[in-house]
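Take 11 as the starting number for the sequence shown in our numbering and just add one per residue. Here's the structure we're looking at; comments come further down.
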Amino acid sequence: MQFNPIMILQTFRITPFLLIVSILSYLIYSSDSIANSARIFKYKSASGTPTFSDIEPIGLHFQEIKVDCYACQRDSLINWHKAKLYLTEYSFTIEQAAKTNEIDPALVRAIIHAESHFNKHALSKQGAQGLMQLMPKTAKYLGVKNAFVAKQNIEGGTKHLAYLLKKYHGNIKLASAAYNAGESAVARFAGIPPFTETRVYVERVEILHKRYQLANKT
11 MQFNPIMILQ
21 TFRITPFLLI
31 VSILSYLIYS
41 SDSIANSARI
51 FKYKSASGTP
61 TFSDIEPIGL
71 HFQEIKVDCY
81 ACQRDSLINW
91 HKAKLYLTEY
101 SFTIEQAAKT
111 NEIDPALVRA
121 IIHAESHFNK
131 HALSKQGAQG
141 LMQLMPKTAK
151 YLGVKNAFVA
161 KQNIEGGTKH
171 LAYLLKKYHG
181 NIKLASAAYN
191 AGESAVARFA
201 GIPPFTETRV
211 YVERVEILHK
221 RYQLANKT
């Protein structure tokens, strides 16, 4: 999938900034196939035109565009009650990791969905990596050598999630908030931090968790 910004600019007479925002929003959030391939690359075509693509350029200098947490967008247009669920991706690894850490696999799947939309290549602006968006220091502490390897990421992320659930006595909302904003933020505010990103994240994780639970029963 490739876009020619110059053609769109000339046709619709919009500013370059709005064009880039629109393109990235489309590539990152509009397609269900993004769960498997959502790496966005910026490069210049042979004519020198800035181009965006979800296919890594070969033989060209390119820049990979980093994105933020999938479920943290305050103004997201996604209907979280109806958005597509990913019921079969990484099933064995998720089930095994959840069983080992004694937590609900539906919650693990909800966190993956919220964090990366099941994109194992996801890389945030802050440096969080892979399916469960592990920060490098956290990944190292959890024994994860390569956070972009799905199995390692899920095992490490699930272990961390289990630790948070134990710390907050099974309170999923507080565990979700800490997963997103950090334990120190939850402690500082004595509950879910007032950050808009964190609050919508916790709400959407809860919605996804219930939906994945229900889907597993049918």
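Backbone N, C-alpha and C fix where the C-beta goes; we use that ideal spot for every residue, glycine too.
Query: Alpha carbon of Q143 to alpha carbon of E99, nearest angstrom; Result: 17 Å
Query: Beta-carbon proximity list for V215, same chain, < 6 Å, skipping 5 on both sides; Result: A120, A124 and S186
Query: Integer-rounded CB distance, given that V212 should sit under 8 Å from K202; Result: Per the sequence shown, the amino acid found at residue 202 is Ile instead of Lys. Indeed, because the Cβ distance is near 6 Å, the residues count as touching under 8 Å.
Query: Beta-carbon spacing of N111, T168 below 7 Å; Result: yes
Query: Closest residue to A132 among A107, K155, V154 and V159 (Cα-Cα distance); Result: V159
Query: Whether L141 touches N163 by CB criterion (7 Å); Result: yes
Query: H219 burial status per 10 Å Cβ neighbour count (16 or more: buried); Result: buried
Query: Assigned secondary structure, K183 (DSSP; H/G/I helix, E/B strand, else coil); Result: helix
Query: Straight-line Cα distance separating S86 from K176; Result: 31 Å
Query: Exposed unless 16 or more other CB atoms sit within 10 angstroms - verdict on G166; Result: buried
Query: With 16 other Cβ atoms within 10 Å as the buried cut-off, status of Y151; Result: exposed
Query: Nearest neighbour of W90, chosen from R221, K227 and T228 [CA to CA]; Result: R221
Query: Helix, strand or coil at K220 according to DSSP, with G and I counted as helix; Result: helix
Query: Distance between K130 and M145 (C-alpha atoms, nearest Å); Result: 14 Å
Query: Where P67 sits in the DSSP three-state scheme; Result: coil
Query: T208 classed as buried or exposed, judged by whether at least 16 other C-beta atoms fall within 10 angstroms; Result: buried
Query: Under the three-state DSSP convention, the category P204 falls into; Result: coil
Query: Which residues DSSP lists as bridging T61, in chain order; Result: Y53
Query: L144, DSSP secondary structure in three states; Result: strand
Query: Coil, strand or helix - D42 by DSSP; Result: Because the pLDDT at D42 is just 41, under 50, the model does not fix this residue reliably, and the value given afterwards should be weighed accordingly. Note: D42 maps to coil in three-state DSSP.
Query: CB contact flag (A138, A149, <7 Å); Result: no
Query: Coarse secondary structure for L152, derived from DSSP in three states; Result: coil
Query: Option in L174, F199, S57 and F205 with minimal Cα separation from L117; Result: L174
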